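In terms of this note's numbering, the sequence shown is residues 225 to 831.
Even glycine gets a Cβ: it sits at the ideal position worked out from N, Cα and C.
All values derive from a computational prediction rather than experimental measurement.
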Amino acid sequence: MRFLLVFLLLAVAQAAWSEDWLYLTYPGDTPLQIGIKYLKNPADWREVLKINHVATDRVLPSNTRIRIPVELLKVTPAPVLVTHVTGNVRVKPDGGVFRRLAAGDRLNGGETVLTGPNSFAGFKLADGTQLTEQPMSKLKFGRLAAWGKTGMVATELDLDSGRMEVGAAKQVGPAGGFKVNTPVAVAGLRGTVFRLNVSEDGSILRNEVLQGVVGISAQGKEVQVAKAEGTVARRGQPPEAPRPLLPAPNLDGLPGRVVDLPLHFAWPQMDHAVGWRAQVAADPGFQNILLDTSGDKPEASWQTNLPDGRYFLRVRAIDSAGLEGLNGDHPFELDARPLPPELSEPAADGRAYQEDVTFDWAASQDARGYLLQIAPTADFPAATTIERKLGSVVLATVQLKPGRYFWRMASIDEHGPHGWSPARALRVQPLPVAPQGSAKADGDSGQAGFTWQTVDGATQYDFELAQTANFTNIEAKQRLSATRTSVPVKPGKHFWRIRGVEEDGQTGAWSRTNPLFMPLQTPHGIRVDLTENHTVISWQGNAAAYRLEFARDAEFKSPLFNHRQKGNVTELPRLEPGEYWLRIIALDSDGALGGASKPTKFVVFGW
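Structure, rendered in structure tokens:
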């Protein structure tokens, strides 16, 4: 429901069709001439004479005010001229389909205009009113009428969502007027400069007055909004008390000539500002707006391909209620051509793995050459900046020591360097070299220890142990901060390698493939148990097989017999009574001898 009426104070009520239009006669005016020029039915001039109690039907006295009822006046169309279009703007006539809106189009009423992101449309009404529809807005043109040559024009619009800025011409009464319907308010305005902003859901209307005085009434309460004030109207609530708009920001420090793209401006912070809106237009009246952005910092940036030329920047602060303040305007000259070359390699925050660094870029139109700068800091101090002046090439190689750098480029024309590209960070850092290390295998513990030297640039190390030299069958894999490790290893031949790992996870070269032989575990824990008919022997070890050797002496100079056994226990017939010595030798899978246990003495007694 549209329930809030907004009207301009000190204005004449526009709905007064029963009121009369006053005409001031010129020398030589006749009633018939007035009828032909202003009346729907020229013969109604007789009725006009009766109303004004004028007896003569010939020449009227000059400088006489003649009252003419509005309902007798001619009503003619008052089309709207589309003065400019930026971006994606579409229009749909009543009952039609959407099409692109173009500058020079005329709207006759019933059209709906939609603006997309970063898109604008400018309109000039029949009475000279200038209107700009802002991005992401929906605006419908309703009744567009004029009362002949009286100067009275009636305009009715519907702003469902989005923003519009209006420089309304002074309206001629009693029939002329400018009205904007919104889901929150009906704004009836005469001769003022103002902004309207309807929230996306249609529940809030924000109004800022730059010239004139506006009265807003709702829920039985009326507030008066004067020049440089604003208010907020919410659905179902009385309008808030007007508050002063934030002052125009200080833009004195901004450059008058801009040579760098993307376009960027920054200005001083302001008390009570929670946000900012910035716009760029092609004209000082900001009818042809080209760029628009808002944010919470006192700066604005645009990635744009605006051609070189003269432009105008407008900035205003936004307060906690979302009201936009007074305009701060700043003219500037854009002189960015030839553009800086588009940087290719090294990439932003990139890395060079060798000290001969290759720089690559795309050619820039109209550039006669390029200037390359490389420095250890982003401010490119003259004392430490490396500078190379290059011809019409797109590749250059510069030798740099390991470290962190910043680089940028400018195109060169007949006047010299012309604007810099954004600086890119670069790190020159070769990958860690292959570490060198050693290993020691302990067959009895089944553990192998590995150590290696630290290498520059490595904060961690990768360790791999495999059964094959191509590392297709990995047995152990670790990432370590230390330069040593110990892992359990099965008997036999193995291979191991290490490499350095940088803080960001990049890895250096692997060391050479190192062989490792893990000997068999020496048999130990030998135990001999004698039963009535058997000699049972058990031990501990990890070999595939064992050879048991028996002798009469500890030096095994008088051997008795040998016994081959798989597993760690064997059962033999009970030996003849006497003193025996036993040692157990580990055998690998190929039958090769491994470590031998210490000789063990046992005695077999007779029964």
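query                                                                                                                                                                             : result
Who pairs with D382 in a beta bridge, going by DSSP?                                                                                                                              : K364, N405
Excluding five sequence neighbours on each side, which residues of the same chain lie with their C-beta closer than 7 Å to the C-beta of S568?                                    : D584, W585, A586
Could you check which residue in S525, A545, L596 has the C-alpha nearest to that of L537?                                                                                        : S525
Would you tell me roughly how many angstroms separate the C-alpha atoms of A649 and L478, rounded to the nearest one?                                                             : 27 Å
Please report the distance separating the alpha-carbon of F674 from that of D666.                                                                                                 : 12 Å
Quick one: what's P600 bridged to in DSSP?                                                                                                                                        : In DSSP, P600 forms no bridge with anything.
Please list, in chain order, all residues of the same chain as A393 whose beta carbon is under 6 Å from its beta carbon, the five residues on each side excluded.                 : D351, G352, T353
For the structure I just gave you, are there three or more beta carbon pairs, one from the stretch 602-613 and one from the stretch 526-546, closer than 8 Å?                     : no
Which residues in the same chain as L349 place their Cβ atom closer than 6 Å to its Cβ, once the five residues preceding and following it in sequence are excluded?               : V304, T379
What distance in whole Å lies between the Cβ atoms of G386 and S427, which are believed to be in contact at a cut-off of 8 Å?                                                     : Not confirmed; about 14 Å, so no contact.
Any contact of the stretch 320-330 with the stretch 355-372, i.e. 3+ C-beta pairs under 8 Å?                                                                                      : no
Take T709 and list the residues in its own chain whose beta-carbon comes closer than 8 Å to its own, dropping the five residues that flank it on each side.                       : G673, F674, F687, Q702
Please classify K664: does DSSP put it in a helix, a strand, or coil?                                                                                                             : strand
Quick check: what's the CA-CA separation for H758 versus F741?                                                                                                                    : 38 Å
What are the partner residues of S835, as DSSP defines its beta bridges?                                                                                                          : Residue 835 lies beyond the range of the chain shown here (225 to 831); nothing can be said about it.
In its own chain, which residues sit with a C-beta less than 8 Å from the C-beta of P600, not counting the 5 before and 5 after it?                                               : T608, G627, R628, Y629, F630
Could you please give me the residues that DSSP links to Q435 through a beta bridge?                                                                                              : V417
Please tell me whether A682 and P654 are closer than 8 Å, where the distance is taken between their beta carbons.                                                                 : no
So, does the stretch 288-298 touch the stretch 239-258, judging by three or more C-beta pairs under 8 Å?                                                                          : yes
Three Cβ pairs or more, each shorter than 8 Å: is that satisfied between the stretch 729-747 and the stretch 819-827?                                                             : yes
Taking the alpha-carbon of R561 as reference, which of D580, G549, Q589 has the nearest alpha-carbon?                                                                             : Q589
What residues in its chain sit with their C-beta under 7 Å from that of V309, if we drop five residues either side in the sequence?                                               : L325, A326, A327, A345
Buried or exposed for S813, please, with buried defined as at least 16 other CB atoms from any protein chain shown within 10 angstroms of its CB.                                 : exposed
Which same chain residues, not among the five before or five after N342, have their C-beta less than 6 Å away from its C-beta?                                                    : G311, P359
The alpha helix (DSSP H) that contains V304, what's its start and end?                                                                                                            : Per DSSP, V304 belongs to no alpha helix (DSSP H); it is in the beta strand (DSSP E), 304-310.
Just to confirm, are E357 and T339 a CB contact at a threshold of 8 Å?                                                                                                            : yes
Is the number of C-beta pairs between the stretch 794-814 and the stretch 773-780 that are closer than 8 Å three or more?                                                         : yes
Does the beta-carbon of T755 have 16 or more other beta-carbons within 10 angstroms, so that it is buried, or is it exposed?                                                      : exposed
Kindly list the residues whose CB is nearer than 8 Å to the CB of S518, restricted to its own chain and excluding five residues on each side of it in sequence; keep chain order. : G499, W500, R501, A502, I542
Flag this pair as yes or no: are the beta carbons of A545 and R458 separated by less than 8 Å?                                                                                    : no
Roughly how many angstroms separate the alpha carbons of K451 and I440, rounded to a whole number?                                                                                : 14 Å
If we call anything under 8 Å between Cβ atoms a contact, is A700 one with F719?                                                                                                  : no
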